[in-house]
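S.K.: Right, I'll just put the structure down here and ask away after.
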Amino acid sequence: MNKRIAIFTALAVVIALAALWLAQPSWLPGARPETAVEHAQKHLDPTYTCPMHREVHSDKPGACPICGMPLQKVKQEVKPGQKKKPLQEKKILYWHDPMVPQQKFDKPGKSPFMDMQLVPVYADGSSGEADDGSITISPRVVQNIGVRTAPVETGTFSRQVNTVGTVAFDERGIEVVESRASGWVEKLYVKAENDPVRRGQLLAEIYAPDLLAAQEEYLLALKIAGDADDSLAQAARSRLSLLGLTEAQIRALEKTRKPQRRVAFYSPIDGIVAKLGVRQGMAVNPGMVMFNLVDLSTVWVNAEIVEAQAAWITEGKAVEARVPALPGKTFHGKVAYITPEVMRETRTLIARIVLDNPNLRLKPGMYADLTLSGGENKNTLLVPTEAVIKTGKRSLIILAMGEGKFKPAEVTTGMEADGKTEIQQGLEQGQRVVASGQFLIDSESSLRTALDRLTEPESEPAMAMDEKTGMPMHRQSDDAERSR
Numbered sequence: 007m008n009k010r011i012a013i014f015t016a017l018a019v020v021i022a023l024a025a026l027w028l029a030q031p032s033w034l035p036g037a038r039p040e041t042a043v044e045h046a047q048k049h050l051d052p053t054y055t056c057p058m059h060r061e062v063h064s065d066k067p068g069a070c071p072i073c074g075m076p077l078q079k080v081k082q083e084v085k086p087g088q089k090k091k092p093l094q095e096k097k098i099l100y101w102h103d104p105m106v107p108q109q110k111f112d113k114p115g116k117s118p119f120m121d122m123q124l125v126p127v128y129a130d131g132s133s134g135e136a137d138d139g140s141i142t143i144s145p146r147v148v149q150n151i152g153v154r155t156a157p158v159e160t161g162t163f164s165r166q167v168n169t170v171g172t173v174a175f176d177e178r179g180i181e182v183v184e185s186r187a188s189g190w191v192e193k194l195y196v197k198a199e200n201d202p203v204r205r206g207q208l209l210a211e212i213y214a215p216d217l218l219a220a221q222e223e224y225l226l227a228l229k230i231a232g233d234a235d236d237s238l239a240q241a242a243r244s245r246l247s248l249l250g251l252t253e254a255q256i257r258a259l260e261k262t263r264k265p266q267r268r269v270a271f272y273s274p275i276d277g278i279v280a281k282l283g284v285r286q287g288m289a290v291n292p293g294m295v296m297f298n299l300v301d302l303s304t305v306w307v308n309a310e311i312v313e314a315q316a317a318w319i320t321e322g323k324a325v326e327a328r329v330p331a332l333p334g335k336t337f338h339g340k341v342a343y344i345t346p347e348v349m350r351e352t353r354t355l356i357a358r359i360v361l362d363n364p365n366l367r368l369k370p371g372m373y374a375d376l377t378l379s380g381g382e383n384k385n386t387l388l389v390p391t392e393a394v395i396k397t398g399k400r401s402l403i404i405l406a407m408g409e410g411k412f413k414p415a416e417v418t419t420g421m422e423a424d425g426k427t428e429i430q431q432g433l434e435q436g437q438r439v440v441a442s443g444q445f446l447i448d449s450e451s452s453l454r455t456a457l458d459r460l461t462e463p464e465s466e467p468a469m470a471m472d473e474k475t476g477m478p479m480h481r482q483s484d485d486a487e488r489s490r
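Here you go:
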């Protein structure tokens, strides 16, 4: 019996030695020796990570403590002559709970907030989020979400104010035709307001007894004086002028020596009848306005300027005007006047702009889109407007720091024009900013936590962990109090 057991034991030892010898191919003749690269790859630290939460690392397979997904092994390669820095040699800044990242711990252990292990945060940001507020995103994710960067440039920024306005009469071109004597309108040639008139056009004929008597007095004075320069005749002539007769009408009277029963009134300008104050057969009195005539060769545009931009606009600044009613046509003018008072309802000032009106195409009451030049700022920092994230009270820029690292920066912005935004504070020339994909970075890489750090108070000191239990010290004291 003992002999049989000894035989079986000897056979088992022989079989084990044979299997061990066959498992080592390097012992076989002609076997290829292992290269340094293959040897280094065998001894790399096996690292597993969550595809959705790159800050989660483990040296063995398992499930993500945040979302429960299976951890995936990170493929690591070592090139000839290159050594892999072990993970444990990286400087650990602190440990934290990914679900409560603002709370820091000085030792590993179990989170007091969630049923999960604390995650280390390294100085090089390998946990996905560095201590300086930057985040690290894998190149694959950066490419998938279409991140595009642009440099911070120095250039000349032309300040422009885009606003709207309304075309109005040029009040400096208004002419008033009034009666200077009592009488009646016997002939009226302009029957409606807004009718066009030309210089020298006959407007109305009025019978005025005082004007008729003044003409007869002047003719009598001329007859008495003869060829002499009589002061009585000069006084009578001046009276005709004061009663409204033009110089041409007085010379015609001197030539014909016949008084005119009806006195004609003519238009002094080219324009339109803005206001018609008489009708045919109507009585008129001295000082009564019969016609308001407006010259439309130039017009005003009353533009609304926001009070914050009013300091950029001064008299004489160039203006471009486009009227929707006249597509494809651009009018050029200048700022003539800015009102000194801010309108309470709209918090705007009114800028009066003078435009030439060839062919009288601009009509009072039309709307106009205006571009006013506000001067130039030289040597100012400029970034693409789409790179600015406006959160209401502040503006943020996502800095591209290279090697997949991104960091939010709060900036003070100025004017926007031609797709560029003026940066007054927060950036330096030569830096690169994310011009597109910054909102996807926020959603894909939990950037919201890094953005919130900008307004957080100083973080609490790292929480001490008990070496025996692996629990936070205050958690143990709370448990002890409850047990009492």
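What the sequence shown shows, in the working numbering, is residues 7 to 490, in sequence order.
C-beta atoms are modelled at their ideal positions from N, C-alpha and C, and glycine is treated no differently.
Please read all numbers here as calculations on a predicted model, not as lab measurements.
Taking only three categories from DSSP, how would you classify Glu199?
M.R.: As a working mapping, residue 199 is identified with position 193 in the sequence shown. If DSSP states are grouped into helix, strand and coil, Glu199 belongs with coil.
S.K.: Would you kindly report the start and end of the unbroken beta strand (DSSP E) that includes Leu124?
M.R.: By one-based count along the sequence shown, residue 124 stands at place 118. From DSSP, Leu124 is part of no beta strand (DSSP E); its letter is neither H nor E.
S.K.: Check whether the Cβ atoms of Gln266 and Gln207 lie closer than 8 Å to each other.
M.R.: Start at 1 with the first residue of the sequence shown, and residue 266 comes out as number 260. Start at 1 with the first residue of the sequence shown, and residue 207 comes out as number 201. No, the pair does not count as a contact, with Cβ atoms beyond the cut-off.
S.K.: Is there contact between the stretch 309-320 and the stretch 157-170, where contact requires at least three CB pairs shorter than 8 Å?
M.R.: Touching, yes.
S.K.: At 3 residues or longer, what runs of the beta strand (DSSP E) sit wholly inside the stretch 359-393?
M.R.: Counting whole runs of 3 or more residues, the stretch 359-393 contains the beta strand (DSSP E) stretches 373-390.
S.K.: With a 10 Å radius around its C-beta and 16 neighbouring C-beta atoms as the bar for buried, classify Thr162 as buried or exposed.
M.R.: For the purposes of this step, residue 162 is taken as residue 156 along the sequence shown, with counting starting at 1. So Thr162 ends up on the exposed side.
S.K.: With a cut-off of 8 Å, does the C-beta of Ala423 fall near any C-beta of chain C?
M.R.: Here chain C cannot be found, since the structure has a single protein chain.
S.K.: Is Thr427 buried or exposed, if buried means 16 or more other CB atoms sit within 10 Å of its CB?
M.R.: As a first step, residue 427 must be located in the sequence shown, where it is residue number 421. Classification for Thr427: buried.
S.K.: With 16 as the cutoff for other CB atoms within 10 Å, does Ile21 come out buried or exposed?
M.R.: Here residue 21 corresponds to residue number 15 of the sequence shown, with the count starting at 1. Counting Cβ neighbours within 10 Å, Ile21 comes out exposed, since fewer than 16 surround it.
S.K.: So Ser164 is in the alpha helix (DSSP H); what residue range does that whole segment cover?
M.R.: Within the sequence shown, the letter at position 158 stands for residue 164. Element bounds for Ser164: not the alpha helix (DSSP H) but the beta strand (DSSP E), 159-175.
S.K.: In whole angstroms, give me the CA-to-CA distance for Ala324 and Leu388.
M.R.: Start at 1 with the first residue of the sequence shown, and residue 324 comes out as number 318. Start at 1 with the first residue of the sequence shown, and residue 388 comes out as number 382. So the alpha carbons of these two residues sit roughly 24 Å apart.
S.K.: Does the beta-carbon distance from Gly287 to Val191 come in below 8 Å?
M.R.: On the sequence shown, residue 287 is found 281 positions in, with the first residue counted as 1. On the sequence shown, residue 191 is found 185 positions in, with the first residue counted as 1. The answer is yes: Cβ separation under 8 Å.
S.K.: Under three-state DSSP, which class holds Pro330?
M.R.: Taking the sequence shown and counting its residues from 1, the one referred to as residue 330 is at position 324. Reduced to three states, the DSSP call for Pro330 is coil.
S.K.: Give me the Cα-Cα distance between Met349 and Asp375, rounded to the nearest whole angstrom.
M.R.: Residue mapping note: residue 349 aligns to position 343 of the sequence shown, counting from 1. Residue mapping note: residue 375 aligns to position 369 of the sequence shown, counting from 1. In a straight line, the C-alpha of Met349 is about 20 Å away from that of Asp375.
S.K.: May I have a chain-ordered list of the alpha helix (DSSP H) segments no shorter than 4 residues that lie completely inside the stretch 234-259?
M.R.: For the stretch 234-259, whole alpha helix (DSSP H) runs of length 4 or above, ordered along the chain, are 237-248.
S.K.: Among the residues of its own chain, which have a CB less than 8 Å from the CB of Glu260, if the five just before and after it don't count?
M.R.: The residue given as residue 260 occupies position 254 in the sequence shown. Hits under 8 Å: Leu228.
S.K.: Check the C-beta distance from Glu199 over to Lys264 and give it rounded, since I have them as a contact under 8 Å.
M.R.: Taking the first residue of the sequence shown as position 1, residue 199 is located at position 193. Taking the first residue of the sequence shown as position 1, residue 264 is located at position 258. Actually they are not in contact, since the Cβ atoms of Glu199 and Lys264 sit about 35 Å apart, beyond 8 Å.
S.K.: Between Leu209 and Phe297, is the Cβ-Cβ spacing less than 8 Å?
M.R.: Locating residue 209 in the sequence shown gives position 203, counting from the first residue. Locating residue 297 in the sequence shown gives position 291, counting from the first residue. Taking 8 Å as the Cβ cut-off, Leu209 and Phe297 qualify as a contacting pair.
S.K.: When burial is assigned at 16 or more other CB atoms within 10 Å of the CB, is Lys110 buried or exposed?
M.R.: Locating residue 110 in the sequence shown gives position 104, where the first residue counts as 1. Lys110 should be labelled buried.
S.K.: Give a yes or no on contact between the stretch 328-335 and the stretch 393-404, applying the rule of three or more CB pairs nearer than 8 Å.
M.R.: No, because fewer than three Cβ pairs between the stretch 328-335 and the stretch 393-404 fall closer than 8 Å, the two stretches do not touch.
S.K.: Tell me the residue span of the alpha helix (DSSP H) that contains Val148.
M.R.: Here residue 148 corresponds to residue number 142 of the sequence shown, with the count starting at 1. Run containing Val148: 145-150, per the alpha helix (DSSP H) assignment.
S.K.: So, under 8 Å CB-CB, Gly432 and Ile404 are touching, yes? Tell me the CB distance rounded to an integer number of Å.
M.R.: Working through the sequence shown from its first residue, we reach residue 432 at position 426. Working through the sequence shown from its first residue, we reach residue 404 at position 398. Between Ile404 and Gly432 the Cβ distance is about 12 Å, and since that is not below 8 Å, they are no contact.
S.K.: At what residues does the alpha helix (DSSP H) containing Ala317 begin and finish?
M.R.: The residue labelled residue 317 in the question sits at position 311 within the sequence shown. From DSSP, Ala317 is part of no alpha helix (DSSP H); its letter is neither H nor E.
S.K.: Is the beta carbon of Glu181 sitting closer than 8 Å to the one on Leu299?
M.R.: Along the sequence shown, one-based indexing puts residue 181 at 175. Along the sequence shown, one-based indexing puts residue 299 at 293. Yes, they are a contact pair.
S.K.: Ile319: buried (16+ other C-beta within 10 angstroms of its C-beta) or exposed?
M.R.: Taking the first residue of the sequence shown as position 1, residue 319 is located at position 313. By the 10 Å Cβ count, Ile319 comes out buried.
S.K.: Apart from the five residues just before and just after Gln5, which ones in its own chain have a Cβ nearer than 6 Å to its Cβ?
M.R.: With the chain covering only 7 through 490, there is no way to say anything about residue 5.
S.K.: For the beta strand (DSSP E) that Ala423 lies in, which residues bound it at each end?
M.R.: Position 417 of the sequence shown, counting from 1, holds the residue named residue 423. Per DSSP, Ala423 belongs to the beta strand (DSSP E) from 411-423.
S.K.: Quick test of your reading: Val341 and Ile359, contact by CB under 8 Å. State the CB separation rounded to the nearest angstrom.
M.R.: Stepping through the sequence shown from its first residue, residue 341 is reached at position 335. Stepping through the sequence shown from its first residue, residue 359 is reached at position 353. The Cβ separation is near 6 Å, so the contact holds.
S.K.: Tell me the DSSP secondary structure of Thr397 in three-state form.
M.R.: As a working mapping, residue 397 is identified with position 391 in the sequence shown. The answer is coil: DSSP assigns Thr397 none of H, G, I, E or B.
S.K.: Measuring straight from C-alpha to C-alpha, what distance separates Thr418 and Thr155?
M.R.: Your numbering for residue 418 matches position 412 in the sequence shown. Your numbering for residue 155 matches position 149 in the sequence shown. Taking the straight line joining both Cα atoms gives about 20 Å.
S.K.: Can you tell me whether Leu228 sits near the ligand MG, meaning its C-beta is under 7 Å from at least one heavy atom of the ligand?
M.R.: You won't find the ligand MG in this model; it holds no ligand whatsoever.
S.K.: Considering Leu99, what are the terminal residues of the alpha helix (DSSP H) in which it resides?
M.R.: One-based indexing of the sequence shown puts residue 99 at position 93. Run containing Leu99: none in the alpha helix (DSSP H); it sits in the beta strand (DSSP E), 98-103.
S.K.: One question on the structure: do Val148 and Gly410 come within less than 8 Å of each other, judged by their Cβ atoms?
M.R.: The residue given as residue 148 occupies position 142 in the sequence shown. The residue given as residue 410 occupies position 404 in the sequence shown. Cβ distance < 8 Å, so Val148 and Gly410 count as in contact.
S.K.: Can you tell me whether DSSP reads Ala289 as helix, strand or coil?
M.R.: Taking the sequence shown and counting its residues from 1, the one referred to as residue 289 is at position 283. It is a strand residue.
S.K.: As a quick exercise: from Glu159, Gly283, Gly293, Gly339, pick the residue whose alpha carbon is nearest that of Thr386.
M.R.: Working through the sequence shown from its first residue, we reach residue 386 at position 380. The residue with the shortest Cα to Cα distance from Thr386 is Glu159.
S.K.: Classify Ala227 as helix, strand or coil using the three-state DSSP reduction.
M.R.: Taking the first residue of the sequence shown as position 1, residue 227 is located at position 221. Correct three-state label for Ala227: helix.
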